[in-house]
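First comes the structure, then the notes that go with it.
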Ligand code: AMP
Ligand code: MG
């Protein structure tokens, strides 16, 4: 059986080239940048005042107190009319261009103004505290015109949107969002809006996987339920193969009605692997159509296994398909709050909850009541990772966690 790392590598090898499209900046949050972005300007565009106050010459501040004549006022959006001469100051607001030759701006709080009867204004400075910058941000400190500032593969967050707006990118080139068909299999399944009869349960994997796929930045195409029946599976799998990815749940284990691998192969999906060394999720099936046009994941049906396999294997694939680094779940280290017995001979990803106490991140594996216990699962905020090489973990041990 292959390891989790080998499985991931085999999956990512099947990801073909990414195609792009141009969209409006306002619609780009969460998308993946597919072009190099260059600044079209210097930022700030001029030497600008970082405070409200008076632009001065530092040489005028050598002996204090000093009284300087106010020659003009510049608010943000205006430009100064005159350079500074010795003995003169310009009243200036935050963001406004400082007058030529000025090398400091004294904060208004550190000044006093007076006016002569003939209307001439004066500013008196008795004591100043100037930072090294002199409260002036020099032109181009943040951005230089022509400079490369964002690279392809970057996920666009509100922070990137602010920067893209600053450099005038109303349209951006992003990768196309992968479409993901989601198909639940099982004779026992009924839709969420139905009341299960004897022997039936509701299809919870469909909505669960749809939400996980959406959260991973891809576009889910829910296909509902396929019966454990060759014809029904064939019809719905064929529909699923029209999308970039097909995610099935159920029907990949060793039961008499686990028909998914057989149907996939009949429809031209080549198996890359079946079964991975992990718990839960061992029966995971993965393959691709010959031209790699559709990647196919057969996830085990139990909801916890489906969740773990989707987050560990489908998610990185979706990120790679979207042109982003195939980072999986965010990892961390936490201190085990209770002892834990590793019963499997396979690496285990166990639903758990982290919390902060006394400046430390603790992790508590959940006491769930079997693989279908979704109620306890909702207490989880991570998967605690227990490698196979150790059976007994003690409270206080440091372990890896994967944040859900
Ligand atoms: P399977 O992998 O098809 O053998 O299913 C394993 C277990 O998961 C069985 O108990 C199924 O009833 C359950 N299961 C399968 N599919 C779903 C689903 N879509 N929603 C909830 N439970 C499911
Ligand atoms: Mg089944």
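Numbering (the working numbering), first residue to last: 188 to 591.
Here a beta-carbon is modelled for each residue, glycine too, at the ideal position from N, C-alpha and C.
None of the values given here were measured: they were computed from a predicted structure.
Quick one: using the 10 Å Cβ neighbour count with 16 as the cut-off for buried, is residue i buried or exposed?
i, result
"residue 588", "buried"
"residue 569", "buried"
"residue 556", "exposed"
"residue 291", "buried"
"residue 277", "buried"
"residue 218", "buried"
"residue 583", "exposed"
"residue 542", "exposed"
"residue 562", "exposed"
"residue 243", "buried"
"residue 390", "buried"
"residue 393", "buried"
"residue 489", "buried"
"residue 468", "buried"
"residue 372", "buried"
"residue 404", "buried"
"residue 267", "buried"
"residue 574", "exposed"
Return yes when at least one heavy atom of the ligand MG lies under 6 Å from the C-beta of residue i, else no.
i, result
"residue 488", "yes"
"residue 373", "yes"
"residue 468", "no"
"residue 411", "no"
What's the C-alpha gap between residue i and residue j?
i, j, result
"residue 332", "residue 309", "39 Å"
"residue 422", "residue 406", "21 Å"
"residue 580", "residue 508", "37 Å"
"residue 228", "residue 317", "29 Å"
"residue 348", "residue 356", "9 Å"
"residue 426", "residue 365", "16 Å"
"residue 261", "residue 345", "32 Å"
"residue 526", "residue 441", "33 Å"
"residue 558", "residue 492", "8 Å"
"residue 259", "residue 319", "25 Å"
"residue 510", "residue 429", "20 Å"
"residue 363", "residue 220", "10 Å"
"residue 281", "residue 512", "40 Å"
"residue 540", "residue 523", "10 Å"
"residue 458", "residue 476", "9 Å"
"residue 578", "residue 585", "15 Å"
What is the residue span of the beta strand (DSSP E) that residue i lies within?
i, result
"residue 586", "585 to 590"
"residue 370", "366 to 372"
"residue 254", "253 to 261"
"residue 448", "Residue 448 -> not in any beta strand (DSSP E); alpha helix (DSSP H) instead, spanning 447 to 453."
"residue 275", "275 to 279"
"residue 435", "432 to 436"
Which stretch, first to last residue, makes up the alpha helix (DSSP H) that contains residue i?
i, result
"residue 565", "Per DSSP, residue 565 belongs to no alpha helix (DSSP H) and is neither H nor E."
"residue 397", "392 to 402"
"residue 266", "That residue, residue 266, is in no alpha helix (DSSP H); it is neither H nor E in DSSP."
"residue 343", "Element bounds for residue 343: n/a, residue is neither H nor E."
"residue 513", "Neither: residue 513 is in no alpha helix (DSSP H) and is coded neither H nor E."
"residue 192", "191 to 200"
"residue 423", "417 to 427"
"residue 494", "490 to 496"
Would you say the beta carbon of residue i comes nearer than 6 Å to a heavy atom of the ligand AMP?
i, result
"residue 437", "yes"
"residue 386", "no"
"residue 578", "no"
"residue 185", "Residue 185 lies beyond the stretch modelled for the chain, which goes from 188 to 591, so this question has no answer here."
"residue 583", "no"
"residue 442", "yes"
**Item:** Meets three-Cβ-pair contact criterion under 8 Å: the segment 245 to 257 and the segment 352 to 361
**Value:** no
**Message:** When you compare the segment 412 to 430 with the segment 438 to 449, are there three or more beta-carbon pairs, one atom per stretch, that lie closer than 8 Å?
**Reply:** yes
**Message:** Across the segment 223 to 236 and the segment 315 to 328, are there enough close Cβ pairs to call them in contact, namely three or more that are closer than 8 Å?
**Reply:** yes
**Item:** Meets three-Cβ-pair contact criterion under 8 Å: the segment 492 to 512 and the segment 359 to 374
**Value:** yes
**Request:** Could you tell me whether the segment 454 to 471 touches the segment 529 to 544, where touching means 3 or more Cβ pairs closer than 8 Å?
**Result:** yes
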